[in-house]
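The structure under discussion appears below in the form of structure tokens.
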Amino acid sequence: MNVPLGGRLRPLAAACAVAVFAVLALASSASAFKPYTHIQTGLRAYEDVTADGKVTIEGRAYDVKPEVVAALKANPAYFNAGVVGPDGFPDLVMGQSVIHPEQTGKWLTHILKRAYDAQDDPSYGAAERGQILAFAYGYLTHAAGDMWAHTLVNDVAGGVFPSVGELADVDKAEIAIRHIIVEGYVGDATAGFDGNQDRGPVQGETNEDGNPQVSDDSTPHIPFAAPKRFIYETFVNPANPLPVGTSRGKLIDFFRDMQAQLQLAEARYEWDSEYEDCLLADPDCHERTKTLTVDTVRGPKTTTVEYNRCEADHFCLGLDPGDLASDLTIDNLVETYLEHWIEDVEDGLENWSDLGLAVTKSLFDPRSHRAAQDHICRNEPDDEYSLLRSSCEDGVGPLDVIGYEAEDYINDHLISMLGAPDFVGDLNELFGVVSDTISDVLGPALNPLQAPIAEIKEYAKDQIQEAIEEELRIDIDQLKSFVTSPTHWIGVQSVALDLPIVGTQQVDLFTPGTHEKLDALMDLPADHHEAQEVTLPGVGTVPSTGLKDDVTFDAEQFAAYRNAVQTAKLLLLDGTGLNAALGDILKARGDVKGGVATYPAAANLMTTQLSGSLPWLRSIDSDHSWRSDGRPRFCEQGAPDCPSDGAQPRPAEHDAGNDTFPLWESCLLRPTFTTLYRDWENGAAQFPALGDAPSADPSDPDAPAGSILLAGTTYSSGGTTYVAANHQFTAKAVDAVFTDARVAVQYRYYKAGSIPGAWKDIAAGATFSIPASAGDGTYHVQLRTADPCHTFDPADELPTDAPVTRTVVLDTTPPQITITKPAPEGVTFDSDDFSAIEYTVTDAASGVDAATVKARFDGAAATHGQVLDMFLLAPGTHTVDVTAADELGNAGEATRHFELHATRESLLSNIARSCDEGLITKPGTCKSLTSQLAHAPFGAFVNHVEAQRGKSIDVATANRLIAFAQDLL
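Numbering (our numbering), first residue to last: 129 to 1097.
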């Protein structure tokens, strides 16, 4: 019976030509730096690290891990292949459709992890391990270049390089064309690149005859090599999961799907060959369907087989002789054929990197181009300058070079993978038997058992050009003109082009000044063009200009290139090295006290994010991957502030990063970004935030420790601190990471029960006080601190700690002193009166310092309760003075004045007292003085007292009596 192969699989033209060769032009187009420029950025880093095992960052050298240095030194060709990255490996299709446009960061993490896993895998030899490591670091270097190059090219081109399906849209096609031209122009200006189509000698090379090499491309040879098994295990082997999705690109998926279908077919033939069908002429023989479950490379799948089953109670009449013959011949033969076909597919996929390497050499190693020219034109005259030879070599295009480089893979693997297994070469007599079956798989035009290999190649080549034009929506000759004559096209503003499907369209290319802008960015000299002829499709050869052969961009002034080299160096460091380099930059700026610890020890610049689970890098096809958006050139479509400030809207999915690139996003490290890299987009500004504020750095979780020190006169009691007018607060702030210069401090004070006022800036270590004019009372004194990772701005995501609060009582008021006796102020006493010194001292705040309470009477020390005997005092004004201070030294004073004056009556009382107390000793004196006061003038009294002073009258008493009497005169 006939067991079909499960449907017609796509023919070679659709599978290989479209998937591999149609992206030939796309690969170069979607890469912002041409591969030669990519290689040069990697070479600068390679030269730096292999010279002494260190990379130089901002003038300082840092050690690269010895195993990385050794791997790079021993394997430059593998490093170069890695730098080509997804533009070549595992193949153009997977690289451009799967790795390049989305989730590139996950792929880089995957590749680097597997490379380090291989270092501990004994199945790899020592040499292989070094090759793998060199390739992996090269792969990261490719992404480092695209990170900067696409930022430049997307700006000039007006957007991200569109997918193939978008190229039917004229606007998208314009973006793609601009990409091709701009990238070609930058590539032409790269040192060593020969963009001049004129033929000339190639230094150090000879042709197939051993004569000095002459070619239209004298660009130096770039060696490439690929770690075959590592590429298979990392990208191709279905047993190893991918970091993103399940697709391995249309081409690998095509062969895996084919393999699965072949496994199903083999299972059907195997089962059928072992089953004996009954003869349908027997009424007990019935057609039935068998469902088989088969473990394929795509997982378990089911298939069905039609067969004839005997369902008689005892037996059927006989077996189907046709099925028996088929089982013995066709089924077994096809089963064996399929087994070998499956094996050949697997063998070809295990060697898949050979195809990637061949295409890489074809597209990116100029020596391969020259070797293909020599091979293809080997029968032309050996005079390299002859017209026949030059015409032949000029006709050798990229597809010819690919065919030359990939010939071994095609012959050894690809043809067998497409249905001509190796073993059938020994089974020529059976070709006719299986030919129809193979035609079901590939179609008669590509049946390898019917068509000679040369015809297959020619047919495929014809299909390739059609596929490219169909996929790219552009004429292949027109595309070639953009690639080979970028200087001509960079100055064209608009041109009519014949685009497949949509026909002739007016295509807008570059705005005026674009050419000059690029020249300025690359710092090209003023006189950098020369007259050249270019060939335009449908027009012919026309005069134009091109870059002079000796004109190259300035590697230090061309910011995108310089930044790519800087990144290529940084990615060679592990986390320890990165922290050292970044810490030194911050210390040199005066930002930090010591080192930084943002990166874990095993981290890598290209794969380690600041936070979250997603890598910081999303796509190397887009731009501004370090930011949250594409500003200043692009902004998120639909956002409230988009468009604005020249930023044009685009879908959010076109943003290249996840806003977690540590050098940019870290509040600690952002100054290193602006130090390491050069900004060409923002005028005099150096990478302004443009709304993309930094985020917290886990290595600096704590804000500066703030404290409020108190100096001056203070007093504490019962948990309350009292401050005098001379108090002084010191704003202290200490940070474990940042220097004092990067620490901000603010303070405020407010009375208890009132609304807090505005914060005031103050330098760390500076002082402030509450002015006495603010009024006594309870105050809350607050201080808050900030640094670049903990700010005062409530709008950002970097909150500082809660303010430090200190509550004090401002006390500038002295104690309240009240003199209760003598009272009231100015009171007049008679000479026979009595009073006392009595007072109260109170303080509502810090309290009275008892030791400071002093009383004086007429300047002499006095005491509380002291009796004032007016008889013992002189007439006139007397003063009681009381002083006291509180616990803060706020001193107060109270004064009481009183008058003492005698009257005739008080003097009579004074005489009587004096006589009673023996101050006047003679009774006669007492009697005469009393009489004189009653009847005589005061002068007689005074004379009498003076006469008896010191005799019958105590001297002091006599003096007082005289004073009192005179006070009355």
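Virtual Cβ for every residue (Gly too), placed ideally from N, Cα, C.
Buried versus exposed call for residue i [16 or more other C-beta atoms within 10 Å across all chains shown]
i	result
E402	exposed
A1093	buried
D337	exposed
V862	exposed
F443	exposed
L577	In this prediction, L577 has a pLDDT of 46, which is less than 50 and means its spatial position is unreliable; what the coordinates show is noted afterwards. Buried, by the Cβ-count rule.
R416	exposed
A301	buried
A384	Checking the displayed sequence, the identity of residue 384 turns out to be Arg instead of Ala. Classification of R384: buried, given that the 10 Å Cβ count is 16 or more.
D977	buried
S1025	Checking the sequence shown, residue 1025 turns out to be His, not Ser. Classification of H1025: exposed, given that the 10 Å Cβ count is below 16.
I359	buried
A155	Note that A155 has pLDDT 40, beneath the 50 cutoff, so the model's placement of it is unreliable and the number below is only indicative. With 16 or more other Cβ atoms within 10 Å, it is buried.
I458	buried
G847	exposed
E1045	exposed
S741	exposed
D176	buried
L733	buried
E533	buried
I167	buried
Host alpha helix (DSSP H) of residue i (start-end)
i	result
A479	Here residue 479 turns out to be Asn, not Ala, going by the sequence shown. Run containing N479: none; DSSP gives neither H nor E here.
Q391	377-402
Y850	Here Y850 belongs to no alpha helix (DSSP H); instead the beta strand (DSSP E) covers 848-851.
G674	Premise fails: G674 lies in the beta strand (DSSP E), 668-675, not in any alpha helix (DSSP H).
L647	Contrary to the premise, residue 647 reads as Asp rather than Leu in this sequence. Unbroken alpha helix (DSSP H) run through D647: 642-650.
N1087	1083-1096
K721	No alpha helix (DSSP H) contains K721, which DSSP labels as neither H nor E.
S518	515-522
P771	Neither: P771 is in no alpha helix (DSSP H) and is coded neither H nor E.
P899	Here P899 belongs to no alpha helix (DSSP H), and DSSP marks it neither H nor E.
Strand pairing of residue i, partner residues [DSSP]
i	result
Y875	K888, L911
I713	DSSP output for I713 lists no bridge partner at all.
A989	R984
A861	G834
Q1100	Here the chain comprises residues numbered 129 to 1097, so residue 1100 is not present and cannot be evaluated.
Q501	Its beta-bridge partners do not exist; DSSP assigns none.
V1073	According to DSSP, V1073 bridges with nothing at all.
Y805	DSSP lists no partner for Y805.
D977	A1013
R1024	V1008
R416	Y435
L527	Note: L527 sits in no beta bridge, so no partner.
Start and end residues, beta strand (DSSP E) containing residue i
i	result
Q633	631-636
E333	328-334
K1050	K1050 -> no beta strand (DSSP E), and no H or E assigned at all.
R761	Premise fails: R761 is in no beta strand (DSSP E) and is neither H nor E.
T663	657-664
Contact with chain D by residue i, beta-carbon distance below 7 Å
i	result
L699	This model lacks chain D altogether, as it is built from one protein chain only.
Three CB pairs or more closer than 8 Å across the stretch 214-231 and the stretch 468-486: yes
Contact the stretch 698-708 vs the stretch 717-732: 3+ CB pairs below 8 Å: yes
Inside the stretch 159-235 only - alpha helix (DSSP H) runs reaching at least 4 residues: 163-180, 194-202, 204-212
The stretch 296-315 touching the stretch 664-672, judged by at least three CB pairs closer than 8 Å: no
Cβ contact (3+ pairs, closer than 8 Å) linking the stretch 898-916 and the stretch 980-994: no
In chain order, each beta strand (DSSP E) run of at least 3 residues that lies wholly inside the stretch 935-971: 944-949, 955-957, 962-970
The stretch 1023-1043 / the stretch 1083-1097 touching (three or more Cβ pairs under 8 Å): yes
Within the stretch 258-285, ranges of the alpha helix (DSSP H) (whole runs, at least 4 residues): none
Three-pair Cβ contact test at 8 Å for the stretch 683-692 versus the stretch 785-800: no
The stretch 460-475 contacting the stretch 384-397, beta-carbon criterion three pairs below 8 Å: yes
Three or more C-beta pairs below 8 Å linking the stretch 763-771 and the stretch 795-804: no
Meets three-Cβ-pair contact criterion under 8 Å: the stretch 1003-1015 and the stretch 942-951: yes
Contact between the stretch 627-646 and the stretch 655-666 (3+ Cβ pairs under 8 Å): no
At least 3 beta-carbon pairs within less than 8 Å: the stretch 162-177 vs the stretch 234-247: no
The stretch 346-356 touching the stretch 484-494, judged by at least three CB pairs closer than 8 Å: yes
Meets three-Cβ-pair contact criterion under 8 Å: the stretch 365-385 and the stretch 252-269: no
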